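Trainee: Heads up, the sequence shown is in the working numbering, so the first residue is 515 and it goes up one at a time.
Positions of the beta carbon are idealized from the N, C-alpha and C atoms, including for glycine.
Since this is a predicted model, take the numbers as computed values, not measurements.
Below you'll find the structure I mean.
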Amino acid sequence: MNLQLSRTTCLSLSLSVALFAGVAHGQQNNTGANNATTAKQQESLLIGPGDMVHVSIFREPDLDTKTRVTDAGDITLPLIGNVHVGGLNPAQAQSEVASRYEAAHYLKAAQVSVLIDEYATQSISVMGEVQKPGSYPITAPRSVFDALAFAGGLTTSADRHITIQHRGELSSKQDVFLSNNANDALDAQIKVYPGDIVIVPKAGIVYVLGDVRQPGGYVMQDDSRMTVLQAIALAAGAAPTSNGGHVRLLRRTPHGTTEMTISIMDMQKGKTPDMPLQANDVLWVPFNFGKNFAMNGSSIIGSVGTAAIYH
Numbered sequence: 515m516n517l518q519l520s521r522t523t524c525l526s527l528s529l530s531v532a533l534f535a536g537v538a539h540g541q542q543n544n545t546g547a548n549n550a551t552t553a554k555q556q557e558s559l560l561i562g563p564g565d566m567v568h569v570s571i572f573r574e575p576d577l578d579t580k581t582r583v584t585d586a587g588d589i590t591l592p593l594i595g596n597v598h599v600g601g602l603n604p605a606q607a608q609s610e611v612a613s614r615y616e617a618a619h620y621l622k623a624a625q626v627s628v629l630i631d632e633y634a635t636q637s638i639s640v641m642g643e644v645q646k647p648g649s650y651p652i653t654a655p656r657s658v659f660d661a662l663a664f665a666g667g668l669t670t671s672a673d674r675h676i677t678i679q680h681r682g683e684l685s686s687k688q689d690v691f692l693s694n695n696a697n698d699a700l701d702a703q704i705k706v707y708p709g710d711i712v713i714v715p716k717a718g719i720v721y722v723l724g725d726v727r728q729p730g731g732y733v734m735q736d737d738s739r740m741t742v743l744q745a746i747a748l749a750a751g752a753a754p755t756s757n758g759g760h761v762r763l764l765r766r767t768p769h770g771t772t773e774m775t776i777s778i779m780d781m782q783k784g785k786t787p788d789m790p791l792q793a794n795d796v797l798w799v800p801f802n803f804g805k806n807f808a809m810n811g812s813s814i815i816g817s818v819g820t821a822a823i824y825h
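This is the structure:
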């Protein structure tokens, strides 16, 4: 019975070490694809100064230690003294601690577990298009939805493509898309950790001006995608007096403004495909053929500044 219990305990601890190897913060997602993404992201999270580290060694309860990482990145352990773990992920720290005990001939084949009990940075920053941008304290990994809820939720002009900069590595950035579909959004739960920065950009805007029923700017909220006919529909359609065959599309590029003439009538009849738009595109629907060409591109672009924005 004791042997069976010992083997069961050993197996349990081995599974625990495998689960936490390379995981500085958080827990695994539910779906297989999200598990792989989260594990890869968590492995890059590094131990930093001020973190409270829990080091335990299988069958060596006297060596169980909770210690805070110094500014130099060291922890102090029984028998072997200082061990440098700053800049390592937990899996690397486990190997370093084990090799130090083995090199000092205190242990053989040491089974070491290194966990983060407490984070030095106890807040996340939520910036951009949220109701209440700022820093919010957390003591454990939370979902990105929790982070946005702390900040009062998204504004009506927020883009759903969110960027998370993870603590520890400046280059550790993760792009997250918050789908309008509730099930998809919940399945794609992403964790944020103390010290992370969540940035919510402003969504692109398409301007529909001229002879439409409701001219103005329209936020590209559906995965930041919008077509010509969708934009015209958001503007409540072209007026009966408009010339839908000579609509002007103005697009800003790094080299200046380009212009093309399109026919929304042909698009509506299926003669030409509906065209995708880009952020800051301007559709000018003329009142009549003559006025369409009398209005130059600069005048159209200048009228954007006075356009009402609709969400």
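Please classify R762 as buried or exposed, where buried requires at least 16 neighbouring CB atoms within 10 angstroms.
Mentor: Buried, by the Cβ-count rule.
Trainee: Hey, M789 and M779: beta-carbon distance below 9 Å or not?
Mentor: Taking 9 Å as the Cβ cut-off, M789 and M779 do not qualify as a contacting pair.
Trainee: In angstroms with no decimal places, state the Cα-to-Cα distance between Q728 and D673.
Mentor: Rounded to whole angstroms, Q728 to D673 spans 23 Å at the Cα level.
Trainee: Assuming V626 and V569 are in contact, meaning their beta carbons sit under 8 Å apart, how far apart are those beta carbons, in whole angstroms?
Mentor: Contact holds; Cβ gap of about 7 Å.
Trainee: Check whether the stretch 785-800 and the stretch 718-738 are in contact - that is, three or more C-beta pairs closer than 8 Å.
Mentor: Yes, they touch.
Trainee: In chain order, what residues of the same chain lie with their CB nearer than 7 Å to the CB of F664, ignoring the 5 residues before and after it?
Mentor: Hits under 7 Å: V640 and Y650.
Trainee: Decide if A822 is buried, meaning its Cβ has at least 16 other Cβ atoms within 10 Å, or exposed.
Mentor: So A822 counts as exposed.
Trainee: Bridge partners for M566 per DSSP, in chain order?
Mentor: Looking at the DSSP assignment, M566 forms a beta bridge with R582 and E632.
Trainee: On the DSSP bridge list, what partners appear for S609?
Mentor: According to DSSP, S609 bridges with nothing at all.
Trainee: For M826, count neighbouring Cβ atoms within 10 angstroms of its own Cβ and tell me buried if that reaches 16, exposed if not.
Mentor: Within the shown structure, residues of the chain are numbered from 515 to 825, placing residue 826 beyond reach of any answer.
Trainee: With DSSP collapsed to three states, give me the class of P790.
Mentor: Strand, per DSSP.
Trainee: Taking M461 as the reference, give the member of Q703, G600, G595 and D576 with the closest Cα.
Mentor: With the chain represented from 515 up to 825, any question about residue 461 goes unanswered, as that position is not in the structure.
Trainee: Where does N802 land, buried or exposed, given buried means 16+ other C-beta within 10 angstroms?
Mentor: N802 comes out exposed.
Trainee: If you count every other CB in all the chains shown that lies within 10 Å of the CB of Q573, and 16 or more means buried, which is it?
Mentor: Going by the sequence as given, residue 573 is Arg instead of Gln. Burial call: exposed.
Trainee: Are the stretch 608-623 and the stretch 580-597 in contact at 8 Å, needing three or more beta carbon pairs?
Mentor: Yes, the stretch 608-623 is in contact with the stretch 580-597.
Trainee: Write down the C-beta distance between Y707 and Y824 rounded to the nearest angstrom, noting that I regard them as a contact closer than 8 Å.
Mentor: Y707 to Y824, Cβ: 37 Å. No contact.
Trainee: What are the start and end residues of the alpha helix (DSSP H) that includes V658?
Mentor: Unbroken alpha helix (DSSP H) run through V658: V658 to F664.
Trainee: Can you give me the C-alpha to C-alpha distance between G587 and L700, rounded to a whole angstrom?
Mentor: Near 37 Å, if we compare the C-alpha coordinates of L700 and G587.
Trainee: Anyone know if the C-beta pair for A752 and V799 falls short of 9 Å?
Mentor: Closer than 9 Å, so yes.
Trainee: Which residue or residues does DSSP assign as beta-bridge partners of M774?
Mentor: According to DSSP, M774 bridges with L763.
Trainee: Using DSSP's beta-bridge definition, name the partner residues of T590.
Mentor: BP columns for T590 point to N596.
Trainee: Can you check DSSP and say which residues form a bridge with S649?
Mentor: S639.
Trainee: Please report the straight-line C-alpha distance between H680 and P647, rounded to a whole angstrom.
Mentor: Approximately 18 Å, taken between the alpha carbons.
Trainee: Using only the alpha-carbon positions, how far apart do S738 and A634 sit?
Mentor: If I take the Cα positions, the gap works out to 37 Å.
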